[in-house]
């Protein structure tokens, strides 16, 4: 459908795929080019005006829910925070996130991540304590210790950018490890040893080759690459203790 918007238009080149098809195909859509329009706005225009069969995920439109991640111009991005005007005159390639099975069009199956995440126990683990002991208070400095890692919105951009996950799907992955570190650094938590026992294994931190793409693409400025290196240091320290110290002194 021709676009008559006075501000001009831009072409979205969208990857299309449906169950039963062997390979995805490309389909182009012309959408309005407006200064305040994001790629998600363009996709919503397509869905509402041009092609109701187009499938993609979105929810909050504010960079909070993490559901609208996709590869835009060959980079993992949140479509709600990526402006069409940055790619003028176009076209803009829009594809599903890399390294995940495609369900339909831009929708991917994130079941692998959802299975891995609980294995690192991303919640506060406490010793058994009576409820009447009260709240677990923190100082501002104790909050700052883990604040940077707490911004993860599970958008999967780091997994799409990670070359290790692309080659080895058994790798725990950047977001899961960053969230484990977030709770390790929480002064209220007592579960660091349990998480280390999981991440010290082959499919844990050791697969990471420190490319750093996970940190570069994170829309919330979380640093998963740093979390992974911190875990490697903890794991190496524990291994060294096991060699040098008597069992009772570890």
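In the UniProt record's numbering, the protein residues as written are 1 to 250.
Note that the Cβ used here is the ideal one computed from N, Cα and C, for glycine as well.
Please read all numbers here as calculations on a predicted model, not as lab measurements.
What's the call for residue i, buried or exposed, on a 16-neighbour Cβ count within 10 Å?
i	result
residue 100	buried
residue 134	exposed
residue 60	exposed
residue 136	exposed
residue 239	exposed
residue 147	exposed
residue 4	Low per-residue confidence applies at residue 4: pLDDT is 45, beneath 50, and the placement is therefore not dependable enough to give any value.
residue 118	exposed
residue 127	exposed
residue 251	Residue 251 falls outside the range modelled here, since the chain spans only 1 to 250, and no answer is possible.
residue 254	There is simply no residue 254 to check, as the chain begins at 1 and stops at 250 in what is shown.
residue 88	exposed
residue 1	Its pLDDT being 41, under 50, residue 1 is placed unreliably by the model, and the measurement read from it follows with that caveat. With fewer than 16 Cβ atoms within 10 Å of its Cβ, residue 1 is classed as exposed.
residue 66	buried
residue 98	buried
residue 18	exposed
residue 202	exposed
residue 180	buried
Tell me whether the beta-carbon of residue i lies closer than 8 Å to the beta-carbon of residue j.
i	j	result
residue 157	residue 69	yes
residue 84	residue 96	no
residue 12	residue 92	yes
residue 222	residue 178	yes
residue 124	residue 57	no
residue 94	residue 110	no
residue 78	residue 90	no
residue 75	residue 164	no
residue 33	residue 46	no
residue 226	residue 182	no
residue 112	residue 24	no
residue 152	residue 219	no
Using CA atoms only, rank isn't needed, just tell me which of the options is closest to residue i.
i	options	result
residue 193	121, 210, 178	121
residue 8	26, 217, 42	42
residue 166	104, 234, 16, 214	214
residue 138	149, 115, 152, 186	186
residue 230	184, 201, 202	184
residue 15	115, 86, 102	102
residue 10	86, 108, 21, 20	86
residue 114	104, 22, 159	159
residue 104	21, 233, 44	21
So does residue i have its beta carbon nearer than 7 Å to some heavy atom of the ligand MG?
i	result
residue 161	This structure lacks the ligand MG, and indeed carries no ligand of any kind.
Shorter than 8 Å from the beta carbon of residue i to some beta carbon of chain B?
i	result
residue 50	Looking at the structure shown, chain B is missing, and only one protein chain is on hand.
Legend entry - Within the segment 107-160, ranges of the beta strand (DSSP E) (whole runs, at least 3 residues): none
Legend entry - Segment contact, 8 Å Cβ cut-off, at least three pairs: the segment 138-151 with the segment 166-174: no
Legend entry - Inter-stretch contact at 8 Å, needing at least 3 Cβ pairs: the segment 27-46 / the segment 193-206: no
Inset, instruction - Would you check if there are 3 or more beta carbon pairs closer than 8 Å linking the segment 43-63 to the segment 18-32? - result: yes
Legend entry - Three CB pairs or more closer than 8 Å across the segment 207-216 and the segment 239-248: no
Legend entry - Inside the UniProt domain "2Fe-2S ferredoxin-type" (8-100) only - alpha helix (DSSP H) runs reaching at least 4 residues: 39-45
Legend entry - Minimum length 3: unbroken beta strand (DSSP E) runs contained in the segment 217-248: none
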